[in-house]
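Residue numbers (our numbering), protein chains in the order written: chain A, 1 to 347; chain B, 348 to 493.
Just so it is clear, CB atoms sit at the ideal spot from N, CA and C, and this is done for glycine as well.
Everything numeric in this text was worked out from a predicted model, so none of it was measured.
Data first, discussion second: the structure below is written as structure tokens.
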Ligand SMILES: [Zn+2]
């Protein structure tokens, strides 16, 4: 593949180690790579993974004490199921005039307080249109009572009647589309590289002011009197990705990397790069390729059939065929914004 | 969404030919023969070569890109032994532009850029694959079913 040490030899390849995971977070260590690349992964996970969030609110009745805008803002921040966000188009890429079922999910809210007791309106009171077979756009409910986020409180005779249009977007545009609530990113737990000051007050103990992170045990502490290594660079990065609820944490990571691959693919297409191997047919290509992974933990292999159709028939070597070289063949036609791969025919 | 400043409104200054960064006049578009028969959805060109570039020393301007692409791409391009120098900058925070400078010992700077993009894709793909397999292993070990 490459004539220099970009990737040749497994020893030089980036390595990943998972150190902890559950339904809301994944902790992993990325090593044998560079701060620039690791930071790109962090940035793309936080800012460019597409999710679903309420974007338009049509208020029919609002006699609550909260202003329309206030409620609209709260609605925007409610995590919605985005694990199948690929089903939807970005509205800007969609053929419709304003929005349609291919690029939006409609949620309605009808609540009126008819008792003397204060009524609480929750995310679970939002009713999702039945136009999508999957859970896309459903409010994420994780609390034991099954209520979801609190939207507003109503007194007797106060009423809330509104329609919400949820759309696909990325956090670069508005943070309500962030898939994560937090992404931990750490390297060099002993600060051997002196990338940070670890400032402390004169009469305090720096060891107390700056307790070691849990990753300190994973790397050798500095030796007494060890000279500073001017050539050292960080090469182990500790990530902790915590989901906001709309997506599985590992799906967030995969989608993030995928977004980066597609960004690069789009630029390569823009530079007129074509992939001869890809055009020759899938059979001839034996470069490293992505395994049949799927991003959503479902059953769709990573881009085998899904992407293919998403391309509107743009060549049979669709993206996932060889994840390595996504910009060739099918992508060529598909590229109308890196959004195309999120085409509506994923499942 | 807040309205964007349209680029067309910017008065073009004929005297600004030497301005390296934000000159609105696309002097040398990176290859014109790209658009095959991509009828509808003509994607606006997001990369261009800045004026004053030569074959082996060129500056590229990326529209709507930032540190996410710039830093990683810089790193990957630097790994190419044909490349003498590579650096990136974001000339002004309120302009959605990112510039990459490439100087090569040998070969075209454009080729080094293309190779960098492709190599970075390769790195991404390896990380994606590793992450996926490790996560599967972890799930199997810990009996996590999804
Ligand atoms: Zn639409």
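Check                                                                                                                                                                           : Outcome
Return the CA-CA distance between residue 384(A) and residue 478(B), expressed in angstroms with no decimal places.                                                             : Limits of chain A in this structure are 1 at one end and 347 at the other, which puts residue 384(A) out of reach.
Could you tell me the boundaries of the beta strand (DSSP E) in which residue 520(B) lies?                                                                                      : Because chain B spans 348 through 493 in this model, residue 520(B) falls outside it and cannot be assessed.
Report, in whole angstroms, the separation of the C-beta atoms of residue 162(A) and residue 59(A), which I expect to be a contact under 8 Å.                                   : 5 Å
How about residue 444(B): is its C-beta nearer than 8 Å to some C-beta of chain A?                                                                                              : no
Please name the residue, chosen from 110(A), 227(A) and 83(A), that lies closest to residue 134(A) on a Cα-to-Cα basis.                                                         : 83(A)
Using a Cβ-Cβ cutoff of less than 6 Å, which residues in the same chain neighbour residue 20(A) once the five nearest sequence positions on both sides are dropped?             : 27
Thinking just about the alpha-carbon of each residue, which of 401(B), 394(B) and 391(B) is nearest to the one in residue 456(B)?                                               : 401(B)
Please report the residue range of the beta strand (DSSP E) in which residue 265(A) lies.                                                                                       : Note, residue 265(A): premise wrong, no beta strand (DSSP E); alpha helix (DSSP H) at 249-270.
Would you say residue 312(A) lies against chain B (beta-carbon separation less than 8 Å)?                                                                                       : Any reading at residue 312(A) is ruled out, since the residue's pLDDT is 32, under 50, leaving its predicted position unreliable.
Using CA coordinates, which residue listed in 252(A), 34(A) and 178(A) is at the minimum distance from residue 421(B)?                                                          : 34(A)
Pull out every residue of the segment 470-482 of chain B whose Cβ sits closer than 8 Å to any Cβ of chain A, in chain order.                                                    : 470, 471, 472, 473, 474, 475, 476, 477, 478, 479, 480, 481 and 482
Distance, Cα to Cα, residue 180(A) vs residue 46(A)?                                                                                                                            : 6 Å
From what residue to what residue does the alpha helix (DSSP H) around residue 40(A) run?                                                                                       : 35-47
Under 8 Å, CB to CB, which of the residues in the segment 435-466 of chain B have a partner in chain A?                                                                         : 457, 460, 461, 464, 465 and 466
Find the nearest neighbour of residue 431(B) within the set 450(B), 443(B), 414(B) and 438(B), judged by alpha-carbon distance.                                                 : 450(B)
In this structure, what does DSSP give as the bridge partners for residue 200(A)?                                                                                               : None, per the DSSP bridge assignment.
Rounded to whole angstroms, what's the CA-CA distance from residue 247(A) to residue 50(A)? Just pull it up for me.                                                             : 10 Å
In chain order, what are the residue ranges of uninterrupted alpha helix (DSSP H) at least 4 long that sit wholly in the segment 62-96 of chain A?                              : 68-76
Residues near ligand 1, CB to any non-hydrogen atom under 5 Å, in chain order?                                                                                                  : 94(A), 96(A), 100(A), 102(A) and 103(A)
Buried or exposed for residue 158(A), going by 16 or more other Cβ atoms inside 10 Å?                                                                                           : buried
Can you say whether residue 290(A) is buried or exposed, counting buried as having 16 or more other CB atoms within 10 angstroms of its CB?                                     : Residue confidence is low: residue 290(A) scores 39 on pLDDT, short of 50, so the model does not pin down where it sits. Its coordinate-derived value is still stated next. Result: buried.
Indicate whether at least one CB of chain B lies closer than 8 Å to the CB of residue 82(A).                                                                                    : no
Kindly identify the DSSP beta-bridge partner or partners of residue 139(A).                                                                                                     : 80(A)
Could you pull the start and end residues of the beta strand (DSSP E) that residue 482(B) belongs to?                                                                           : Counting along the chain, residue 482(B) falls outside any beta strand (DSSP E), though it belongs to the alpha helix (DSSP H) covering 456-488.
Select from the segment 409-422 of chain B all residues with a C-beta closer than 7 Å to any C-beta belonging to chain A, and list them in chain order.                         : 414, 415, 416, 418, 419, 421 and 422
Between the C-alpha atoms of residue 116(A) and residue 109(A), what's the straight-line distance to the nearest angstrom?                                                      : 21 Å
For the segment 102-121 of chain A, enumerate the residues whose C-beta is nearer than 9 Å to any C-beta of chain B, in chain order.                                            : none
Would DSSP call residue 110(A) helix, strand or coil?                                                                                                                           : strand
8 Å is my cut-off, CB to CB: does residue 381(B) come that close to chain A?                                                                                                    : Any reading at residue 381(B) must be qualified, since the residue scores a pLDDT of 43, below 50, and its modelled position is unreliable; the value itself is stated next. Yes - at least one Cβ of chain A is within 8 Å of the one on residue 381(B).
Distance, Cα to Cα, residue 438(B) vs residue 447(B)?                                                                                                                           : 11 Å
So residue 273(A) is in the alpha helix (DSSP H); what residue range does that whole segment cover?                                                                             : Looking at the DSSP string, residue 273(A) is not in any alpha helix (DSSP H), and its letter there is neither H nor E.
In chain order, what residues of the segment 47-74 of chain A put their CB closer than 8 Å to some CB of chain B?                                                               : 47 and 48
Residues of chain A with CB closer than 9 Å to the CB of residue 424(B), please, in chain order.                                                                                : Going along chain A, no residue has its Cβ under 9 Å from residue 424(B), so there is no contact; the nearest lies around 11 Å.
To be precise: take each residue of the segment 249-266 of chain A, compare its Cβ to all Cβ atoms of chain B, and keep it if any distance is under 8 Å. Which residues remain? : 250, 253, 254, 257, 258, 260, 261, 263, 264, 265 and 266
At 7 Å on the CB atoms, spell out the chain B contacts of residue 37(A), in chain order.                                                                                        : 419, 422 and 470
In chain order, what residues of the same chain lie with their CB nearer than 7 Å to the CB of residue 348(A), ignoring the 5 residues before and after it?                     : Given that chain A is displayed from residue 1 to residue 347, the structure contains no residue 348(A) and the question cannot be resolved.
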